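Working notes, structure below.
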RNA sequence: GGCGUCGUGGCCGAGUGGCUAGGCUGGGCUCUGCAAAAGCUCCUACAGCGGUUCGAAUCCGCUCGACGCCUCCA
């Protein structure tokens with residue numbers, strides 16, 4: 320029997336503002352769409368956090384035996400800002416004297432490299448906005464035909480007020496449109512819109528605009544919310560299970576998506592909306608545009624102003640997983656340092672599991688512990704709670720290793736299997752020392768350890784301490800234990 | 001200005017009407033030639049003020065503070 324039949328998941332639905340029991344449209348299958356990055360610059364760690372949260376969610380669904388179609392787009396057509404004739408990709412292209420698609424390619428490659436470093440699973444489909452211009456034009460035509468969009472000077476706008484007569488614009492973000500109208504900021508620059516709340520479906524390109532396509536209305540480019548509506552509909556259907564993204568996309572982006580889909584297909588597109596919270600730096604949201612951000616590469620290479628040392632992708636992943644996806648998380652040197660120690664303790668215990676010898680009886684109830692792990696994840700993917708349980712497991716490991724507790728061969732198998740599944744398959748952590756020390760280096764250190772032990776036998780403390788201290792200066796720490804000396808790099 | 005989220009021990013960070021979060025740090029102990037590492041163990045908090053309740057950090061109200069969205073943003 321599939322695991323998902325034994326585990327009921329509750330997840331927080333932004334649409335209702337409550338935790339709800341998750342029930343997919345088709346039993347055993349899940350369609351999930353997550354808004355991906357706009358590739359006009361390097362992704363920063365805040366971007367990574369959102370995708371990592373959904374990576375963990377994706378991993379858990381898969382572990383439970385669901386067949387998941389996970390779609391995460393790449394926005395490779397620049398979004399237009401209201402008061403700016405030029406979008407970000409075009410701006411970057413002009414400044415760097417490159418083709419827009421060169422910009423797109425560069426940062427798409429960067430994005431994928433970062434995800435690889437952080438041990439991400441690939442989504443099932445990773446569609447691009449520019450690959451779906453035709454579908455976007457068709458969707459615009461449908462919305463016009465349905466009377467919810469209007470054409471002005473070659474551009475097409477969604478008529479929010481008219482939509483709101485029969486539907487609820489604000490259903491997701493809990494905004495009251497009348498309030499929004501009252502509190503509209505004065506926009507300088509003359510707009511073609513009937514109302515400031517209206518948003519562009521198609522924008523006529525100014526002469527200097529590089530990314531442009533032909534359409535029934537003008538040579539131009541699609542509006543900034545449309546791609547997600549079109550691509551999610553195309554690959555997941557008119558109604559699908561989960562739509563995710565960062566909290567900052569809730570309004571207007573996701574609100575507009577709902578309106579567009581509703582205007583096209585006359586039904587609510589998404590059953591469960593999930594929003595991840597922001598990653599803060601210096602107490603403020605990480606953001607590309609304000610420059611308050613740190614790049615993944617700066618963290619694992621250590622070349623930054625904020626952190627005292629480099630932190631491996633796995634430590635960073637552990638750090639992010641220690642906070643719930645709906646909570647704000649603050650990045651700081653101290654927090655990462657603490658996470659690194661905790662991560663090391665967890666992984667050391669994981670490696671010790673294989674040395675445990677089974678007994679005839681079990682003194683620990685491993686099934687309750689296992690259930691606690693699942694309960695944590697079933698409750699809105701509570702990874703920090705899961706990690707607390709895993710540290711319970713660490714305690715078990717130490718008791719077992721010291722023969723202060725026992726497990727039967729069957730229980731031990733369950734324990735090992737569960738521990739590894741949650742650490743590696745679901746949290747997506749990677750084990751220590753897997754790549755950073757070569758066989759040759761290990762051999763040399765083993766040799767030094769042997770020489771030091773010889774000195775210790777001879778009570779030559781000066782020599783043995785010299786070996787120990789100088790290795791430490793090189794970043795190699797010797798650890799004397801009952802079973803002999805081990806080391807970490 | 002509008003809407004919303006949040007305010008937990010030295011730090012990070014869960015949880016929630018009554019029962020231990022967890023990690024890190026610090027103290028003690030074990031181990032050790034010494035140290036480190038490792039293990040065990042201790043440190044019991046929920047912004048403030050009212051209210052509801054047998055009982056609130058958890059529910060309600062107010063105050064203060066932080067942050068987010070309202071403009072591109074994960």
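Numbering (the working numbering), first residue to last: 320 to 808. A virtual CB, placed ideally from N, CA and C, is assigned to each residue, including glycine. Note that this is a predicted model, so its numbers are computed, not measured.
Runs of 3 residues minimum, wholly inside the region 416-483: which ones carry the beta strand (DSSP E) assignment?
Counting only runs of at least 3 residues, the region 416-483 fully encloses the following beta strand (DSSP E) elements, listed from N- to C-terminal order: 468-471, 474-477.
Starting from residue 807 and walking both ways along the beta strand (DSSP E), at which residues does that stretch end?
Translated into the one-based positions of the first chain, residue 807 becomes position 488. From DSSP, the beta strand (DSSP E) with residue 807 extends over 803-807.
Looking only at its chain, what residues have a beta carbon closer than 6 Å to the beta carbon of residue 796, apart from the 5 residues adjacent to it on each side?
For the purposes of this step, residue 796 is taken as residue 477 along the first chain, with counting starting at 1. Setting aside the 5 residues that flank it on each side, residue 796 is surrounded in the same chain by 807, each with a C-beta closer than 6 Å to its C-beta; the list follows chain order.
Residues that DSSP places opposite residue 351 in a beta bridge
Position 32 of the first chain, counting from 1, holds the residue named residue 351. In DSSP, residue 351 forms a bridge with 389, 561.
Indicate whether residue 454 and residue 553 have their beta-carbon atoms separated by less than 8 Å.
By 1-based counting over the first chain, the position of residue 454 is 135. By 1-based counting over the first chain, the position of residue 553 is 234. Yes; because the gap between Cβ atoms is below 8 Å, this pair is in contact.
Among residues of its own chain, excluding the 5 on either side of residue 511, which ones have a beta-carbon nearer than 8 Å to its beta-carbon?
Residue 511 sits at position 192 when you count from the first residue of the first chain. Spatial neighbours of residue 511 in its own chain (CB-CB distance under 8 Å, excluding positions within 5 residues in sequence) are listed in chain order as 471, 472, 474, 476.
Does the separation of the CB atoms of residue 491 and residue 573 fall below 8 Å?
In the first chain, counting from the first residue as 1, residue 491 sits at position 172. In the first chain, counting from the first residue as 1, residue 573 sits at position 254. Contact flag set, yes.
Residue span of the alpha helix (DSSP H) that contains residue 619, given as start and end:
Taking the first chain and counting its residues from 1, one reaches residue 619 at position 300. Unbroken alpha helix (DSSP H) run through residue 619: 615-620.
Would you check if there are 3 or more beta carbon pairs closer than 8 Å linking the region 636-645 to the region 357-372?
By the Cβ test, the region 636-645 is in contact with the region 357-372, since at least three Cβ pairs between them sit closer than 8 Å.
For residue 335, collect the residues of the same chain with a Cβ closer than 7 Å to its Cβ; drop the 5 residues on either side in sequence, then sort them by chain order.
The count along the first chain starts at 1 and reaches residue 335 at position 16. Excluding positions up to five away in sequence, the list is empty.
Work out the CA separation of residue 342 and residue 648 for me, nearest whole Å.
As a working note, residue 648 is residue 329 in the first chain. As a working note, residue 342 is residue 23 in the first chain. Residue 648 and residue 342: Cα-Cα distance of roughly 29 Å.
Closest to residue 583 by C-alpha separation, out of 461, 703, 535, 662, would be which residue?
For the purposes of this step, residue 583 is taken as the residue at position 264 of the first chain. Closest by alpha carbon: 461.
Determine the burial state of residue 428: buried for a count of at least 16 other Cβ atoms within 10 Å of its Cβ, exposed for fewer.
Sequence index remark: in the first chain, residue 428 carries index 109 (1-based). Sixteen is the threshold: since fewer than 16 other Cβ atoms of the shown chains lie within 10 Å of the Cβ of residue 428, the residue is exposed.
Assuming contact is defined by CB atoms lying nearer than 8 Å, are residue 430 and residue 356 in contact in what I supplied?
To locate residue 430, count along the first chain from 1; it is residue 111. To locate residue 356, count along the first chain from 1; it is residue 37. Taking C-beta atoms as the reference points, residue 430 and residue 356 count as a pair closer than 8 Å.
Do residue 328 and residue 409 have their CB atoms nearer than 8 Å?
Here the question's residue 328 lines up with position 9 in the first chain. Here the question's residue 409 lines up with position 90 in the first chain. Not closer than 8 Å, so no.
Would you mind working out which of 540, 630, 599, 465 sits nearest residue 365, comparing C-alpha positions?
Taking the first residue of the first chain as position 1, residue 365 is located at position 46. In terms of Cα proximity to residue 365, the closest of 540, 630, 599, 465 is 599.
DSSP on residue 519, reduced to helix/strand/coil?
Within the first chain, numbered from 1, the residue matching residue 519 stands at position 200. Of the three classes helix, strand and coil, the one that applies to residue 519 here is strand, per DSSP.
Residue burial classification, residue 769 (beta-carbon count within 10 angstroms, cutoff 16)
Stepping through the first chain from its first residue, residue 769 is reached at position 450. Residue 769 is exposed by the Cβ-count criterion.
At which residues does the alpha helix (DSSP H) containing residue 549 begin and terminate?
Sequence index remark: in the first chain, residue 549 carries index 230 (1-based). Unbroken alpha helix (DSSP H) run through residue 549: 545-555.
Could you check what DSSP says for residue 594 in three-state terms: helix, strand or coil?
As a first step, residue 594 must be located in the first chain, where it is residue number 275. Correct three-state label for residue 594: strand.
By DSSP, does residue 339 sit in helix, in strand, or in coil?
As a position in the first chain, residue 339 is number 20, starting the count at 1. Assignment of residue 339 by DSSP, reduced to helix, strand and coil, places it in the strand class.
Would residue 675 be called buried (16 or more neighbouring beta carbons within 10 Å of its own) or exposed?
The residue labelled residue 675 in the question sits at position 356 within the first chain. Note on residue 675: 16 or more other CB atoms within 10 angstroms of its CB, so buried under the neighbour-count rule.
Between residue 331 and residue 561, what straight-line distance do the alpha-carbon atoms span, to the nearest angstrom?
On the first chain, position 12 is the one that residue 331 refers to. On the first chain, position 242 is the one that residue 561 refers to. Whole-angstrom Cα-Cα distance: 11 Å.
Report buried or exposed for residue 385, applying the criterion of at least 16 other Cβ atoms within 10 angstroms of its Cβ.
Within the first chain, residue 385 is the residue found at index 66, counting from 1. Per the 10 Å Cβ criterion, buried.
Between the C-alpha atoms of residue 607 and residue 380, what's the straight-line distance to the nearest angstrom?
Counting from 1 along the first chain, the entry for residue 607 is found at position 288. Counting from 1 along the first chain, the entry for residue 380 is found at position 61. Roughly 31 Å separates the two Cα atoms.
Check this for me: beta carbons of residue 726 and residue 681, under 8 Å apart or not?
Residue 726 sits at position 407 when you count from the first residue of the first chain. Residue 681 sits at position 362 when you count from the first residue of the first chain. The Cβ-Cβ distance between residue 726 and residue 681 falls below 8 Å.
Under 8 Å between the Cβ atoms of residue 733 and residue 685?
The count along the first chain starts at 1 and reaches residue 733 at position 414. The count along the first chain starts at 1 and reaches residue 685 at position 366. Contact: yes.
In three-state terms, what does DSSP make of residue 625?
Taking the first chain and counting its residues from 1, one reaches residue 625 at position 306. Three-state result, residue 625: coil.
Does DSSP put residue 638 in a helix, a strand or coil?
The residue given as residue 638 occupies position 319 in the first chain. The DSSP-derived three-state label of residue 638 is helix.
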